[in-house]
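The structure under discussion appears below in the form of structure tokens.
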Amino acid sequence: MITRPSTSRVLEDVVEELTRDILPMITDPAQQIRLHMLMVVLNDCANASEREISVMRTEIPEYLAFAADVAKVTGNAAVDAAVAGAQMGESLVLTDVIRDYENASRAFSTAMDLVMDTVDREFVERGETLLRTRVRNERAILSGSSAVGRSAS
Numbered sequence: 298m299i300t301r302p303s304t305s306r307v308l309e310d311v312v313e314e315l316t317r318d319i320l321p322m323i324t325d326p327a328q329q330i331r332l333h334m335l336m337v338v339l340n341d342c343a344n345a346s347e348r349e350i351s352v353m354r355t356e357i358p359e360y361l362a363f364a365a366d367v368a369k370v371t372g373n374a375a376v377d378a379a380v381a382g383a384q385m386g387e388s389l390v391l392t393d394v395i396r397d398y399e400n401a402s403r404a405f406s407t408a409m410d411l412v413m414d415t416v417d418r419e420f421v422e423r424g425e426t427l428l429r430t431r432v433r434n435e436r437a438i439l440s441g442s443s444a445v446g447r448s449a450s
């Protein structure tokens, strides 16, 4: 019985079952590696499912604030329009959060493109800091990854 009915727990249970019941029956090394690769993907999905909404909802206002500041300082209509079309909603449904995140990312990218072209060091450095944070967050989400051919459990 699953006592913690979450996506991550279901995926972790699938990996445990594959490790316990299926993997020992596979004798072909190539197929064992293939199964390990699939289990790594399942573990990554389990790890991501626990964090992705939180990470996106944290990053959305940061991207929008950056883009809004760029729009205000530069008066650029494209950046201003991208910000206007990219507000964070209240929904915690993953597809809604992804949509909001994509729109905020688009506004951020539009603003970054502009500041890179104008070589505004202050904005470039601020944008690069946001990008480093994004990479750090993505790495944290995928921190459950393991090397192919090693136990995923």
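Under my numbering, read the sequence shown as residues 298 to 450, first letter to last. Each residue gets a CB set at the ideal place from its N, CA and C atoms; glycine is no exception.
Whole-number beta carbon distance between residue j and residue i, since they are thought to touch under 8 Å
i, j, result
"residue 430", "residue 364", "At roughly 15 Å, the Cβ-Cβ gap does not stay under 8 Å, so residue 430 and residue 364 are not in contact."
"residue 391", "residue 405", "Actually they do not touch by this definition, with Cβ atoms about 20 Å apart."
"residue 401", "residue 385", "7 Å"
"residue 403", "residue 379", "6 Å"
Residue interval of the alpha helix (DSSP H) (run including residue i)
i, result
"residue 328", "326–371"
"residue 435", "418–438"
"residue 391", "391–415"
"residue 310", "304–314"
"residue 378", "374–381"
Alpha-carbon spacing of residue i relative to residue j, whole angstroms
i, j, result
"residue 341", "residue 335", "10 Å"
"residue 323", "residue 337", "17 Å"
"residue 443", "residue 349", "Here residue 443 scores only 45 on pLDDT, less than 50, and its place in the model is too uncertain to base an answer on."
"residue 329", "residue 303", "27 Å"
"residue 398", "residue 387", "12 Å"
"residue 411", "residue 346", "33 Å"
"residue 351", "residue 434", "10 Å"
"residue 317", "residue 308", "14 Å"
"residue 360", "residue 313", "38 Å"
"residue 436", "residue 370", "32 Å"
"residue 416", "residue 422", "10 Å"
"residue 333", "residue 439", "16 Å"
"residue 372", "residue 381", "13 Å"
"residue 420", "residue 339", "38 Å"
"residue 366", "residue 310", "46 Å"
Assigned exposure category for residue i - 16 Cβ within 10 Å defines buried
i, result
"residue 368", "buried"
"residue 356", "buried"
"residue 413", "exposed"
"residue 376", "buried"
"residue 331", "exposed"
"residue 445", "Confidence at residue 445 is low in this model, with a pLDDT of 42, below 50, so its placement is unreliable and the value that follows should be read with caution. Per the 10 Å Cβ criterion, exposed."
"residue 389", "exposed"
"residue 432", "exposed"
beta-carbon residue i near the ligand SAM non-hydrogen atom, thresh 7 Å
i, result
"residue 343", "No copy of the ligand SAM occurs in the structure displayed, which carries no ligand at all."
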